[in-house]
Amino acid sequence: MAAINKPEEMPDYLFRQLGFNQTWHEWKRDEQHRQQQRRPGHYRGMSM
């Protein structure tokens with residue numbers, strides 16, 4: 001069996017077996033949302 005070095009290529013069931021409560025894609029989507037909330041000046045309606 002070949003090693004999987006990238007989490008985005010890992011099957012969802014394997015990602016969950018490693019102890020994560022989300023799939024890679026769910027985590028990535030949530031992380032991008034958190035990053036957008038942290039950036040000042042990137043709020044809707046805010047003029048630059």
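For the sequence shown, counting from 1, position 40 maps to 40 in UniProt numbering; every step adds exactly one.
We put the CB at the ideal spot given by N, CA and C, even for glycine.
Inter-residue CB distance, residue i and residue j (contact presumed, cutoff 8 Å)
i: T23; j: D30; result: Contact doesn't hold; Cβ gap of about 11 Å is too wide.
Distance CB(residue i)-CB(residue j) smaller than 9 Å
i: E9; j: H25; result: no
Boundaries of the alpha helix (DSSP H) in which residue i is found, first to last residue
i: E26; result: W24 to R38
i: L18; result: Here L18 belongs to no alpha helix (DSSP H), and DSSP marks it neither H nor E.
Beta-carbon contacts of residue i that lie in its chain and below 6 Å, excluding the five residues immediately before and after
i: F15; result: T23 and W24
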